[in-house]
Amino acid sequence: MPKRKKLTDADVKKVESVILSDTDVEKADRSKYGVARRSIWYILRFVLIASVVVTLCYAALMEAMYVSNIYIIVTEGMEMRADCILGNKSKAELTEHFTESWLQEDEAVNGNKYSLYRVDSYDHRLEIEKFRVWPWSKEATLQVVERVPNIQATAYNSDTTDPVPSWVACRYEITVDKFDGRWYITRLTVVDVDPPEEPHATPDYSKLETDIPHY
472 MPKRKKLTDA DVKKVESVIL SDTDVEKADR SKYGVARRSI WYILRFVLIA
522 SVVVTLCYAA LMEAMYVSNI YIIVTEGMEM RADCILGNKS KAELTEHFTE
572 SWLQEDEAVN GNKYSLYRVD SYDHRLEIEK FRVWPWSKEA TLQVVERVPN
622 IQATAYNSDT TDPVPSWVAC RYEITVDKFD GRWYITRLTV VDVDPPEEPH
672 ATPDYSKLET DIPHY
């Protein structure tokens, strides 16, 4: 039976060094894996945050564009509608801002309230109270108050003695829809007739402190 060779201290140190080197390799591999995993998570988180920021910026930009376009369509369209009702514009000119289907239903546009008069001037006042539109939506709603004071007109016939009819102020809910990339007013719904006009605050100059003596 062969005799077993007794391990020397040098042999033990060699074995220990091999084991330690294998352990170091495993630690290095785990360290590299951890670094790679953290790097991937950092990149994914950055991409996610960047995507959210870009989406929010795009949504804000689209909403701003929608608001701007709709504001122009509504303000210009309502002024042209008033001009048409007063007899200074034709109904055909309103198709740039209103759908033809709604123009056929609009009683004020199709009426002849001011047909006996030539309207020379007037004030058109449109106050937008509420505005609701989403970036992904093709419909918007607005609540406005329209007033047309100071109508100056002359009767076509000298026999006409009746005063010029006054304009009835109304609060409307306006529906605006998008067709083929363009916004159109599709409906006007009367919410309130002759709403009270909020008084404008005016300063009381008599209460101002001045150096001018009062007698």
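Residue numbers for the sequence shown follow our numbering, so the first one is 472 and each next one is one higher. C-beta: ideal position from N, C-alpha, C; glycine also.
Between Lys649 and Lys601, how many whole angstroms is the CB-CB distance? I'm expecting something under 8 Å. Incorrect: roughly 19 Å between the Cβ atoms, too far for contact.
Between which residues of its own chain and Asp594 is the CB-CB distance below 7 Å, once the five residues before and five after are set aside? The residues are Val619, Pro620, Asn621.
Classify Leu519 as helix, strand or coil using the three-state DSSP reduction. Taken through DSSP and simplified to helix, strand or coil, Leu519 comes out as helix.
Tell me whether Tyr627 sits in a helix, a strand or coil according to DSSP, three-state version. The answer is coil: DSSP assigns Tyr627 none of H, G, I, E or B.
Using 8 Å as the Cβ pair cut-off and three pairs as the minimum, do the region 651-662 and the region 559-573 touch? When C-beta atoms of the region 651-662 are compared with those of the region 559-573, three or more pairs fall below 8 Å, so the two segments count as touching.
Within 10 angstroms of its Cβ, does Glu617 collect 16 or more other Cβ (buried), or is it exposed? So Glu617 ends up on the buried side.
With distances taken Cα to Cα, identify the nearest neighbour of Thr646 among Arg516, Val545, Leu527, Gln623. Out of Arg516, Val545, Leu527, Gln623, Val545 has the C-alpha closest to the C-alpha of Thr646.
Runs of alpha helix (DSSP H) wholly within the region 592-665 (minimum 4 residues, chain order): Listed in chain order, nothing qualifies, since the region 592-665 has no complete alpha helix (DSSP H) run of 4 or more residues.
Rounded C-alpha distance that separates Trp607 from Thr625: Roughly 48 Å separates the two Cα atoms.
Report yes if the C-beta distance between Val639 and Val662 is below 8 Å; otherwise report no. Against a cut-off of 8 Å, the Cβ pair of Val662 and Val639 comes out as no contact.
On the three-state DSSP scale, how would you describe Tyr588? Reduced to three states, the DSSP call for Tyr588 is strand.
Thr612 to Tyr537, Cα distance in whole Å? One C-alpha to the other measures close to 12 Å.
Evaluate Val525 with the Cβ neighbour count: other Cβ atoms within 10 Å of its Cβ, from every protein chain shown; 16 or more gives buried, anything less gives exposed. When all chains shown are included, Val525 counts as exposed.
From Ser572 to Leu532, what does the alpha carbon distance come to, in whole angstroms? Rounded to whole angstroms, Ser572 to Leu532 spans 31 Å at the Cα level.
Have a look at Thr556 and Leu527 and give me their C-alpha separation to the nearest angstrom. This sequence places Ile at residue 556; Thr is not what is there. Roughly 42 Å between the two C-alpha positions.
What does the alpha-carbon distance come out to for the pair Lys584 and Ser629? Those two C-alpha atoms are separated by around 18 Å.
Classify Tyr643 as buried or exposed, calling it buried when 16 or more other Cβ atoms lie within 10 Å of its own Cβ. Classification for Tyr643: buried.
By the DSSP assignment, the alpha helix (DSSP H) with Ser561 in it spans what residues? Careful: Ser561 lies outside any alpha helix (DSSP H) and carries neither H nor E.
Given this structure, state the Cα-to-Cα distance separating Ser539 from Trp605, to the nearest angstrom. Taking the straight line joining both Cα atoms gives about 13 Å.
Own chain, CB closer than 8 Å to Ala521, minus 5 neighbours either side, in chain order: Within the same chain, no residue comes within 8 Å of Ala521 by CB-CB distance, once the 5 residues on both sides are set aside.
Classify Ala553 as buried or exposed, calling it buried when 16 or more other Cβ atoms lie within 10 Å of its own Cβ. Counting Cβ neighbours within 10 Å, Ala553 comes out buried, since at least 16 surround it.
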